[in-house]
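Just so we're aligned, residue 3 is where the sequence shown starts under the numbering used here, counting upward by one.
Data block below; observations after.
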Amino acid sequence: MTRHGTEARCVPVRVSELRRIIEGEAELFVPRAPRIYDAPVFFNPIMRLNRDVSILCARILRPKTVLDAFSATGIRGIRYALEADAEEVWMNDISRDAFELMLKNSRLNFPRALQVGVGGRVVLIHGGSILVLSKEDANRLMSDKFRYFDLVDLDPFGSPVEYLDAALRSVKRKGVVAVTATDTGVLCGAYGRACLKKYLARPVRGELCHEAGLRILIGTIVRYAAKYDLGVEVVLAYYRDHYFRVFLRLRSGAKWALKSLGMLGYLYYTGPGRFEYETAFLPSREGAYGPMWMGKLKDEESVKRIHEECRNCGFIGRDTCEFIELLHEELDVPFFYDTHSLAREFGTQVPKVSTLIERLRELGFEATKTHLSPTAFKTTGGLADVMKAWRGG
Ligand SMILES: C[S@@+](CC[C@H](N)C(=O)[O-])C[C@H]1O[C@@H](n2cnc3c(N)ncnc32)[C@H](O)[C@@H]1O
């Protein structure tokens with residue numbers, strides 16, 4: 003078994019190996035280990051932003067039943083219960099150490115909860131809400147709970163693809179799936195054949211790889227969902243800290259499934275600034291990257307509300323709020339121009355991103371920064387317009 007595999011340890015985590023932390027409204031015991039992958043139970047403090055954004059999404063979407071399918075320390079599920087007022091939160095992890103730690107952490111945060119054991123699961127009842135803790139294979143659990151959850155959160159190691167089918171069956175037909183993918187090397191083209199195998203898509207390399215990877219991930223979920231007559235609407239999708247994260251609201255019916263499939267398409271990229279894209283089920287010519295989602299990466303109204311929530315609730319990290327601000331302001335058009343790649347390509351100095359944005363706006367185009375790269379910008383203008391702005395407007 004791997005270090006973080008199912009049988010990484012046979013003895014429970016000792017208290018001396020734990021330290022106490024606060025994240026959001028939750029108090030947690032987490033492993034005290036020099037490197038995160040050495041710990042008996044996985045905990046990555048950098049993923050706080052991922053969890054913060056999940057809480058913000060849940061606060062505006064208001065799911066009653068939530069599944070945190072890969073719970074590890076339980077931090078995410080506990081936060082859904084404490085900060086998003088979910089009535090029934092299921093926390094699951096295949097590792098016994100993780101199960102014991104999530105139970106310890108649940109008891110720490112809900113000390114007066116009544117605890118009962120039901121068929122290998124532990125149920126904690128506190129006030130009008132409950133936590134259900136289990137140590138099952140996520141696919142098995144999700145198959146068991148058919149059309150049960152309002153929100154299914156998948157945060158596995160690496161690729162989520164092998165859990166998508168079960169998640170789409172376990173979530174209600176108008177529910178939400180929140181999916182993390184950390185296999186960035188695959189989705190960004192470092193391992194092109196692995197991307198073909200896992201996502202049935204051809205990834206692109208170069209400066210557009212992260213946005214294309216994000217769109218390949220969404221496109222894959224769209225194709226998985228279509229066979230169940232489910233369509234998707236993107237609430238929010240982003241790339242950050244070497245992972246992808248998408249929040250998708252499901253829409254029920256064949257029409258929705260076909261509408262979502264209609265937003266799949268292909269990217270044609272031949273070098274910095276030289277890209278085209280099309281929406282089409284099959285590529286119209288050779289050299290296509292994809293298939294990938296060519297629709298919106300955010301729902302404007304939802305992101306506006308998430309942005310407001312972020313400013314209003316005191317327990318969300320400051321860097322999360324800054325990131326949400328950036329997402330809120332970002333122009334939602336496919337792909338972008340990267341100043342460093344363009345300068346290298348054309349042998350010129352790198353201008354300031356803010357200067358280029360200003361000049362493009364003066365020329366009548368929309369233009370903003372993008373969360374995908376600090377050296378890049380999005381615009382409704384084409385390469386010729388960008389070069390005009392580059393030369394001074
Ligand atoms: C990336 S960690 C989850 C981190 C957690 N969501 C957080 O925010 O801190 C992935 C977890 O999935 C668990 N896991 C791996 N395979 C699993 C499976 N098939 N079913 C359920 N849990 C699994 C691992 O034990 C590990 O704790």
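Each residue gets a CB set at the ideal place from its N, CA and C atoms; glycine is no exception.
Only a predicted model underlies this, so the values are computations on that prediction, with no experimental measurement involved.
Near ligand 1: residue i beta-carbon under 6 Å from a heavy atom
i      : result
Ala140 : yes
Ala74  : yes
Asp95  : yes
Ala168 : no
Ile220 : no
Arg78  : yes
Ala100 : yes
Asp157 : yes
Phe249 : no
Phe148 : no
Phe44  : yes
DSSP three-state assignment for residue i, whether helix, strand or coil
i      : result
Leu153 : strand
Ala10  : The predicted model places Ala10 with a pLDDT of 37, which falls under 50 and marks its position as unreliable, so this point remains unresolved.
Ala82  : The sequence given here has Tyr at residue 82, not Ala. Helix.
Leu260 : helix
Tyr230 : coil
Ile308 : helix
Phe348 : helix
Asn46  : coil
Tyr193 : coil
Ser131 : strand
Val335 : coil
Phe379 : strand
Arg175 : strand
Ser136 : strand
Burial state of residue i, where buried means 16 or more other Cβ atoms lie within 10 Å
i      : result
Pro42  : buried
Val352 : exposed
Asp146 : exposed
Val236 : buried
Ser73  : buried
Asn314 : exposed
Lys176 : exposed
Ser56  : buried
Pro162 : buried
Contacts around residue i, its chain only, beta-carbon distance under 6 Å, and the 5 residues preceding and following it disregarded
i      : result
Ile23  : Leu30 and Val32
Arg251 : Val178, Glu235 and Val237
Arg207 : Gly191
Thr370 : Glu331, Glu332, Leu333 and Lys380
Cut-off 7 Å between Cβ atoms - residues of its own chain near residue i, not counting five sequence neighbours on either side
i      : result
Ala35  : Ala41
Val124 : Leu105, Gln117 and Leu135
Trp295 : Arg217, Ile220, Gly221, Val224, Met265 and Leu266
Cys12  : No answer about Cys12 holds up, because its pLDDT of 41 lies below 50 and its placement is not dependable.
Gly214 : Checking the sequence shown, residue 214 turns out to be Ala, not Gly. Result list for Ala214: Pro205, Val206, Leu269, Tyr291 and Met294, in chain order.
Cβ-based neighbour list, residue i, same chain, cut-off 8 Å, excluding 5 preceding and 5 following
i      : result
Cys197 : Val188, Leu189, Gly191, Ala203, Arg204, Pro205 and Ile218
Quiz prompt | Stretch-stretch touch, CB-based, cutoff 8 Å, three pairs: the stretch 61–78 with the stretch 112–120 | solution = no
query = With a cut-off of 8 Å, do at least 3 Cβ pairs link the stretch 271–282 to the stretch 304–316?
reply = no
Exercise. Could you tell me whether the stretch 239–246 touches the stretch 148–156, using the rule of 3 or more Cβ pairs below 8 Å?
Key: no
Review point. Does the stretch 201–215 touch the stretch 82–95, meaning 3 or more C-beta pairs lie closer than 8 Å?
Key: no
- Is it a yes or a no for the stretch 322–341 touching the stretch 374–383, going by three-plus beta-carbon pairs under 8 Å? yes
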